[in-house]
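What follows is one structure encoded as structure tokens, with my remarks underneath.
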Amino acid sequence: MNAEKKIRICHLYPDVLNLYGDRGNIICMKKRLVWRGIECEVTEAGIGDCPDLTQFDLFFIGGGQDFEQEVLLEDLKAGKGKEIRSAVEDGKTFLCICGGYQMMGHYYQTHDGVRCEFLGAIDLFTTGAEKRMIGNYAFTLTEDLGSSMVVGFENHSGQTWLGSGVSPLGTVLQGNGNNGVDRTEGVHYKNVFGTYSHGPVLPKNPEFCDRILLSALERRYGNAVLEPLDDSFERSARDSIQREMKIR
Amino acid sequence: MNVEEAGNASAIRPNIFQRVLAVAACKAVRKFLRLRGSGGTALPGKAAMLFCRNILEVTSSGMEIVVVTGTNGKTTTSRMLEHAIAEEGTCLANRSGANLLSGITAEFTCSADWLGKPRKQYAVVECDEAALKQVVPLLHPKVIVVTNLFRDQLDRYGEVMHTLEEIRRGIEKAPESILCLNADCSLTASLADSREIPGTDCADCGRGSTVFHAGPASASRTSSPTIHPVSSPAVPPASCRTDPAQKRIFWFGLNTPLGEQKDVPLSDAKYCIRCGTAYQYRYHTYAHLGSFYCPACGYQRPEPDTAVLEILEMTASDSRVRIMAGGREFETAVSLPAVYNLYNAMAAVCAGLAFGLDAERMCSSLADVHSGFGRMETFRLGETQGQMILVKNPAGCDQALSFITNLPEERDLYFGLNDRTADGHDISWIWDVDFEKTIHRPCIRNIYVFGDRAEDLRLRLKYADVPAEKITYLPDSPSLLKKLHESRLPVWILPNYTAMLSLREELGKEDGMKAFWE
Ligand SMILES: [Zn+2]
Ligand SMILES: [Zn+2]
């Protein structure tokens, strides 16, 4: 069924956006494809690298440190930014975590009013808050995405606000999510999945991972099926967090 | 009352009543806790600070003190230093992970007499990076050692740059202290800036002088460090030939490459901290450590005063090395295994020299030091023997794994993972450990996981392609102890901090091991 299918993943800026074990997401996506007989190739595109982005099916952008973000913004301006925007509009799949998620929006405005212009690929923006939002948290994916529960670890001081035509990734059950105010978490725009969830998010949330992989397979092959895997270790790791958070 | 502000209160001189009350409160609370079988170290300190906020300044006054901070190796470096300094006179050292202001206050205050007068001459203090700025204004240390900087327990500080800033703030609050810095760590080495105040010091040679000279002037001398902003005023290097006794910065490092000489995929410091250009390396040692240089602005590894010149031999329990210290060369044994302990040894020798100890004595004391609390300890387990190494971040865990999996005989491996406050609640670092590279080596027979987040570890190992049947999940301490005692093969245990404390306590109950606060 999956014979000769192949997904090409581009890991954007692994050299600067690589905090909090987020590369676990790449490991997870790759393994869950390979275990189903689908080939997977991961290419890293760091600062100064300019591969042809149109050849990829799925892009991953992680979170990073403030200090290195300046270097990155310059690289985006130098050309990759434009390519990323057209890949988004083209329906390519993106998984963007924390800083990488914020970067897809219009800008980040710090607490003392300094504004940093971002990609503007999605109608959202982020403002710096005084208090840092840290800890395990949980949300349910929107109905569109199957309503399953996702647990993760958030650690951000930016509050993200979605534009009116943009849908969130899910609804916060416990914790802060986008801003700690409107109970939204993350963004889902075309095939872009943005979230604050570190942890890394995918290994403990295999339904979410498969949903992302499916969108990339559908975009490339028209239709796709992912046969179920034995997710007992995944589930028990998620259950232990759920118990700790006393959800349900 | 907010005890964390105590560091700012050093200007107030406590009266004798406050002092006596503080000392009494500290000793009483500690005694009470111990009677109840608890090794708590924070509470006695907090009790003392209730009566006298800056009691630590009183109970440490007149002592000569070394403070050791940094991400990895604080404890081992402190133990090595303590070992050497204790030969000179009475030496106080904080133990049991009591490395925040309250814990350090408790150690000094309980060791003082009833009037708060210190009873010991020297102290070696292991200090948390973020607590440094509160602790050093009270301790007035003679020497501050920074071992290295790696990503660690991220949710406590946010980011490695944030931790670096915390250390910098601490160092700036102790302008009189001599610095001992890791020359191979580009993050740590940048702390030399804090001694680079125009008109007082020359950071290039580390000596006190009336002027300091510019990057371009020294860039031509390849052997000397260039750690100046390019824009600083150009003054000839000759101007800093001052009295070596006034040397303000001592550097340590490894003058020899180690391991595969290729770029680390997950470097904690890939770009120049001065100008953002990617670093180049003349050679690597491990993680982001090595002989780095920035091709754009000239920031580079300073030439160390204390360094390993050559590794002659390395075994499961120790190494033999040729080192340079105090301008001389020595051949010596370091009675602890693995590369990271060579860095700890160099940090200790370097700090000893800065403290005023003799290079030869420092080196010979390396040969008979035993490992720091929990960092690597050996114990008997029925038929076989167990070894425990604390792991709390990817760099440390990779080092421990590469060391263990390079030993010849077969063994069982135990991983312990908790996510309690002292561990930093975030355990995502396990996904940055390069298990894929080491865990499949044939010397690893069975793998066991235990602790609050054992299931996360099991999942991580699954995604590193470890077969499910090779991993056993141990849900509680009875099952863990049972498995340990049944073991026929030598056992290696890699726990994080609180997982180590609980295991040690359990083993202690059975075997009468010394309680950890002694
Ligand atoms: Zn984040
Ligand atoms: Zn530079």
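Chains P and W, in that order, are what the protein sequence lines are. Numbered by the working numbering, the letters in the first sequence go through residues 11 to 258 in order. Numbered by the working numbering, the letters in the second sequence go through residues 57 to 574 in order. Backbone N, C-alpha and C fix where the C-beta goes; we use that ideal spot for every residue, glycine too.
Assignment of residue 108 of chain P by DSSP, reduced to helix, strand and coil, places it in the coil class. Taking 8 Å as the cut-off, the beta carbon of residue 223 of chain P is found no closer than this to the beta carbon of residue 172 of chain P. If you draw a 10 Å sphere on the C-beta of residue 218 of chain P, you find 16 or more other C-beta atoms in it, and that means buried.
In the DSSP assignment, residue 120 of chain W falls within the unbroken beta strand (DSSP E) covering 120-125. In the structure shown, residue 174 of chain W falls within a coil segment according to DSSP collapsed to helix, strand and coil. The beta-carbon distance between residue 195 of chain P and residue 188 of chain P, rounded to whole angstroms, is 6 Å. This is short enough to meet the 8 Å contact definition. Contact annotation for residue 515 of chain W against chain P: 213, 214, 243, 244 and 247 [CB-CB distance below 8 Å, chain order]. Burial check for residue 124 of chain P: the Cβ neighbour count within 10 Å stays below 16, so the residue is exposed.
Within the DSSP secondary-structure output, residue 16 of chain P pairs in a beta bridge with P:49. Interface annotation for the region 54-69 of chain P against chain W: empty, criterion Cβ-Cβ distance under 7 Å. Distance between residue 105 of chain W and residue 510 of chain W, taken at the CA atoms: about 38 Å.
Distances between the C-beta of residue 82 of chain W and the heavy atoms of ligand 2 are all 7 Å or more. Residue P:90 holds the alpha-carbon nearest to the alpha-carbon of residue 130 of chain P among P:68, P:90 and P:184. Measuring C-alpha to C-alpha distances from residue 139 of chain P to each of P:37, P:119 and P:211 identifies P:119 as the nearest.
Cβ neighbours of residue 146 of chain W within its own chain (closer than 8 Å, five residues either side excluded): 175, 176, 177 and 178. Contact between residue 520 of chain W and residue 492 of chain W holds, since their C-beta atoms are separated by about 5 Å, short of 8 Å. Remark: the C-beta of residue 554 of chain W is outside contact range of ligand 2, defined as less than 7 Å to any heavy atom.
A Cβ closer than 6 Å to some heavy atom of ligand 2 marks a residue here, and those residues are W:328, W:330, W:331, W:333, W:350, W:352, W:353 and W:355. Under a criterion of Cβ atoms nearer than 9 Å, no residue of chain W is adjacent to residue 253 of chain P; the nearest Cβ is some 10 Å distant. In this structure the region 206-217 of chain P lies against the region 18-36 of chain P, because at least three pairs of beta carbons, one per stretch, are closer than 8 Å. Residue nearest to residue 344 of chain W within the set W:360, W:134, W:239 and W:377 is W:239 (criterion: CA-CA distance).
In the structure shown, the three-state DSSP call for residue 65 of chain P is helix. As computed with DSSP, residue 468 of chain W is found in a beta bridge with W:547.
The criterion of a C-beta distance shorter than 8 Å is satisfied by residue 68 of chain P and residue 226 of chain P. Going by DSSP, residue 152 of chain P is part of no alpha helix (DSSP H) at all; its letter is neither H nor E.
Beta-bridge pairing by DSSP links residue 198 of chain P to P:177 and P:203.
The distance from the Cβ of residue 30 of chain P to that of residue 482 of chain W is about 7 Å, consistent with a contact at the 8 Å cut-off. Residue 37 of chain P has a beta carbon lying within less than 8 Å of a beta carbon in chain W. With distances taken between CA atoms, residue 513 of chain W lies nearest to W:529 out of W:529, W:501, W:248 and W:170.
Among the residues of chain W, none has a CB under 9 Å from the CB of residue 46 of chain P; the nearest is roughly 15 Å distant. The Cβ atoms of residue 375 of chain W and residue 398 of chain W lie closer than 8 Å to each other. Residue environment: residue 60 of chain P is assigned as exposed (fewer than 16 neighbouring CB atoms within 10 Å of its CB, all protein chains considered). Looking at the DSSP output, residue 443 of chain W shares a beta bridge with W:434 and W:548. Annotation for residue 166 of chain P: the continuous beta strand (DSSP E) segment containing it runs 159-172. Within the same chain, 250 come within 6 Å of residue 228 of chain W by CB-CB distance, once the 5 residues on both sides are set aside.
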